[in-house]
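Take a look at the structure below.
Protein chains: 2
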Amino acid sequence: MVNKLFCSYLAGFLDADGSIYVQLKKNETYKYKFQISPSVVFFQKDATGLEKIQKQLALGYLRKRKDGLTELIVGDRSSIRKLLILVLPFLILKVKQADLMLEILDKMETVKSADNFLEIAKKIDQYRELNYSKKRTVDARVVGIHLKNLRLLTP
Amino acid sequence: MVNKLFCSYLAGFLDADGSIYVQLKKNETYKYKFQISPSVVFFQKDATGLEKIQKQLALGYLRKRKDGLTELIVGDRSSIRKLLILVLPFLILKVKQADLMLEILDKMETVKSADNFLEIAKKIDQYRELNYSKKRTVDARVVGIHLKNLRLLTP
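Order-wise, the sequence lines are chains D and Y. Going by UniProt numbering, 52 is the number at position 52 of the first sequence; the sequence numbering is gapless. Going by UniProt numbering, 101 is the number at position 101 of the second sequence; the sequence numbering is gapless.
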C-alpha cells in the first residue's frame, strides 16, 4: 500500500536526487521516425536502499549502471503517471517537471498527426531549461526538419 | 509548523542527497585539542529549492560552495537533534547514520574525561564505513595518540 507519508518521502527523494525527463531518439521503426521515451529515475550509490523503495513502491525496476550508480527507473507511461500523481501534492522543487511530464503523457495518448507529434517535441524542449540539460541533441527543430522533409507536416 | 508529511519529505530528501556526519578537527583551543563538528547537510545545484525547504524547516542556514552547489547546513547540536528526531521515523536509508549521530550528541553532553572524549572519537570512526568516506585523516587513533602524549588518558 502506498500511503501519504510514503508519497511525501518519495517526493523528497525525487526532489533531491531524482530526474523527470523525456528523451527524443531517432528510430526509423516508429511512425514519425522518432521515439519519445519518458522516464522518472531515482539514483543512489547503494542498491540496497533503492531495492527497499522499489519494493514498497511496486513500480519500475532497478538497473546497475557502468559507473557503479544504481537507478530505479520508472519508464512506462502508466507507471510514470501513477507515480507522479502520488508525489505531485508533496513536491517542492520539481513541480514544473512533473506537470510538464503529465502534459506530455496526455498529448502522447492523442497523437493523430505529424503536427501533433511536433507539438510534443516542442514540449519536450522545455526540459532543457528545467533540467539544465545542455547535451540534448535531438530537439523539436531536428524533428521538425525531418518531418518536413518527409512531407508529413501541414504546409 | 513542521507536520508529519513534511518530516517524511525531509527524510526522503536526506536519504537521497543529504549527509549526516561528524568531523574531527585538530584545534588547540579546545580542551582535548580536537574539535567535534557534527552536521546534517542537504545539497542542491539550485539554491531556490533549498531556500524554500529552509524556510519551512526553520533550522540551519544556506551556504553557496565554491563548486556552485548550495548546501543547507544544520550544524548546531540542538538543531541537529530536533531535525533527526523529526525525520527518524521516516528514514529508510540513513537510519544508522542518524542513530549514531544521536548517540554521539548524547555522549558530547556528558564528556568528563579524555577517556570519554576518545570513546566519542571511536564512535565517529563508525561513519567511515557508513558513509564510504575514505579521506578522513583525523580518527580515533590519531586522537588517542595525542591524548596519550599529553598524559590525559587513564593509563
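Every residue gets a Cβ at the ideal spot worked out from N, C-alpha and C, and that includes glycine.
For the structure I just gave you, are there three or more beta carbon pairs, one from the region 96-111 of chain D and one from the region 20-36 of chain D, closer than 8 Å?
Inter-segment contact for the region 96-111 of chain D and the region 20-36 of chain D is present: three or more beta-carbon pairs are separated by less than 8 Å.
Roughly how many whole angstroms lie between the Cα atoms of Arg65(Y) and Val138(D)?
Counting from 1 along the second sequence, the entry for residue 65(Y) is found at position 65. Counting from 1 along the first sequence, the entry for residue 138(D) is found at position 138. C-alpha of Arg65(Y) to C-alpha of Val138(D): approximately 33 Å in a straight line.
For the alpha helix (DSSP H) containing Leu50(Y), name the first residue and the last one.
Locating residue 50(Y) in the second sequence gives position 50, where the first residue counts as 1. Going by DSSP, Leu50(Y) is part of the alpha helix (DSSP H) stretching over 47-57.
DSSP three-state assignment for residue 156(D), whether helix, strand or coil:
Residue 156(D) falls outside the range modelled here, since chain D spans only 1 to 155, and no answer is possible.
Residue 167(D) - containing beta strand (DSSP E), residue span
Outside the displayed range of chain D (1 to 155) lies residue 167(D), so it cannot be described from this structure.
So what does DSSP say about Pro38(Y), is it helix, strand or coil?
Counting from 1 along the second sequence, the entry for residue 38(Y) is found at position 38. In the three-state scheme derived from DSSP, where H, G and I count as helix and E and B as strand, Pro38(Y) is classed as strand.
Per DSSP, Gly18(D) forms a beta bridge with which residues?
Working through the first sequence from its first residue, we reach residue 18(D) at position 18. DSSP output for Gly18(D) lists Phe42(D) as bridge partner(s).
How many angstroms separate the CA atom of Phe13(D) from the CA atom of Phe13(Y)?
Counting from 1 along the first sequence, the entry for residue 13(D) is found at position 13. Counting from 1 along the second sequence, the entry for residue 13(Y) is found at position 13. Cα to Cα, Phe13(D) sits roughly 5 Å from Phe13(Y).
Cβ-based neighbour list, Arg151(D), same chain, cut-off 7 Å, excluding 5 preceding and 5 following
Walking along the first sequence from the start, residue 151(D) turns up at place 151. Cβ within range, chain order: n/a, list empty.
First and last residue of the uninterrupted alpha helix (DSSP H) at Leu83(Y):
Here residue 83(Y) refers to the residue found at position 83 of the second sequence. Annotation for Leu83(Y): the continuous alpha helix (DSSP H) segment containing it runs 77-87.
Taking 8 Å as the limit between beta carbons, can you name the residues of its chain near Ala98(Y), skipping five residues before and five after?
Counting from one through the second sequence, the residue named residue 98(Y) turns up at place 98. Closer than 8 Å at the Cβ level, and outside the excluded window around Ala98(Y), lie Ile20, Leu84, Val87, Leu88, Leu91.
With 8 Å as the threshold, decide whether the Cβ of Ser8(Y) is near any Cβ in chain D.
Here residue 8(Y) is taken as the residue at index 8 of the second sequence, counted from 1. Answer yes: the Cβ-Cβ gap between Ser8(Y) and chain D drops below 8 Å somewhere.
Is there a Cβ of chain D sitting closer than 8 Å to that of Met1(Y), yes or no?
For the purposes of this step, residue 1(Y) is taken as residue 1 along the second sequence, with counting starting at 1. Residue placement at Met1(Y) cannot be trusted, given a pLDDT of 47 that sits under 50; what the coordinates show is reported in the next sentence. By this cut-off, Met1(Y) is not an interface position.
Chain D beta carbons: is any one of them nearer than 8 Å to that of Gly68(Y)?
For the purposes of this step, residue 68(Y) is taken as the residue at position 68 of the second sequence. With 8 Å as the cut-off, Gly68(Y) does not count as an interface residue toward chain D.
Using a Cβ cut-off of 9 Å, which residues of the UniProt domain "Homing endonuclease LAGLIDADG" (10-85) of chain D contact any Cβ in chain Y, in chain order?
For the UniProt domain "Homing endonuclease LAGLIDADG" (10-85) of chain D, which is checked against every Cβ of chain Y, the residues closer than 9 Å are Leu10, Ala11, Gly12, Phe13, Leu14, Asp15, Ala16, Asp17, Gly18, Phe42, Phe43, Gln44, Lys45, Asp46, Thr48, Gly49, Leu50, Lys52, Ile53, Gln56.
Among residues of its own chain, excluding the 5 on either side of Leu10(D), which ones have a beta-carbon nearer than 6 Å to its beta-carbon?
One-based indexing of the first sequence puts residue 10(D) at position 10. Spatial neighbours of Leu10(D) in its own chain (CB-CB distance under 6 Å, excluding positions within 5 residues in sequence) are listed in chain order as Val87.
For Lys4(D), would you say it is in contact with chain Y, using Cβ-to-Cβ distances shorter than 8 Å as the test?
Here residue 4(D) refers to the residue found at position 4 of the first sequence. Yes, its Cβ sits closer than 8 Å to a Cβ of chain Y.
Leu72(D) (DSSP reduced to helix, strand or coil):
Working through the first sequence from its first residue, we reach residue 72(D) at position 72. Judged by DSSP in its simplified three-state form, Leu72(D) adopts strand.
Spatial neighbours of Ala47(Y) in its chain, beta-carbon cut-off 6 Å, leaving aside the 5 residues before and after:
Residue numbering aside, residue 47(Y) sits at position 47 when the second sequence is read from its first letter. Cβ neighbours of Ala47(Y) beyond the five flanking positions: Thr70.
Along the chain, where does the beta strand (DSSP E) containing Lys64(D) start, and where does it finish?
Taking the first residue of the first sequence as position 1, residue 64(D) is located at position 64. 61-64 is the extent of the beta strand (DSSP E) around Lys64(D).
Please list the residues of the region 84-105 of chain Y that have a C-beta atom closer than 7 Å to any C-beta atom in chain D, keeping them in chain order.
Cβ contacts with chain D come from Phe90, Ile92, Leu93.
Does the beta-carbon distance from Leu118(Y) to Val143(Y) come in below 8 Å?
Residue mapping note: residue 118(Y) aligns to position 118 of the second sequence, counting from 1. Residue mapping note: residue 143(Y) aligns to position 143 of the second sequence, counting from 1. Less than 8 Å separates the beta-carbon of Leu118(Y) from that of Val143(Y).
Could you pull out every residue in the same chain whose Cβ sits closer than 6 Å to the Cβ of Leu72(D), ignoring the five residues on either side in sequence?
Taking the first residue of the first sequence as position 1, residue 72(D) is located at position 72. Around Leu72(D): Phe42, Leu50, Gln54, Gly60, Leu62.
Note the first and the last residue of the continuous alpha helix (DSSP H) segment covering Arg128(Y).
By one-based count along the second sequence, residue 128(Y) stands at place 128. Unbroken alpha helix (DSSP H) run through Arg128(Y): 114-130.
Considering only C-alpha positions, which residue in the set Ala121(D), Asn131(D), Glu129(D), Thr110(D) is nearest to Ile145(D)?
Looking up residue 145(D) in the first sequence gives position 145. Just measuring C-alpha positions, the residue of Ala121(D), Asn131(D), Glu129(D), Thr110(D) sitting nearest Ile145(D) is Ala121(D).
Taking just the CA atoms, how far does Tyr32(D) sit from Lys26(D)?
By one-based count along the first sequence, residue 26(D) stands at place 26. By one-based count along the first sequence, residue 32(D) stands at place 32. Distance between the alpha carbons of Lys26(D) and Tyr32(D): 9 Å.
When the cut-off is 8 Å and only beta carbons count, does Arg141(Y) lie next to chain C?
Chain labels in this structure do not include chain C; the protein chains are D and Y.
Contacting residues, own chain, Cβ-Cβ under 6 Å from Val74(Y) (five flanking each side not counted)
Here residue 74(Y) refers to the residue found at position 74 of the second sequence. Cβ neighbours of Val74(Y) beyond the five flanking positions: Val40, Leu59, Gly60, Ile80, Leu83.
How is the alpha helix (DSSP H) around Val95(D) delimited, first residue to last?
Translated into the one-based positions of the first sequence, residue 95(D) becomes position 95. Element bounds for Val95(D): 95-109.
Could you work out which residue in Gln44(D), Lys52(D), Asp15(D) is closest to Lys45(Y) when comparing CA atoms only?
The count along the second sequence starts at 1 and reaches residue 45(Y) at position 45. The residue from Gln44(D), Lys52(D), Asp15(D) with its alpha-carbon nearest to that of Lys45(Y) is Asp15(D).
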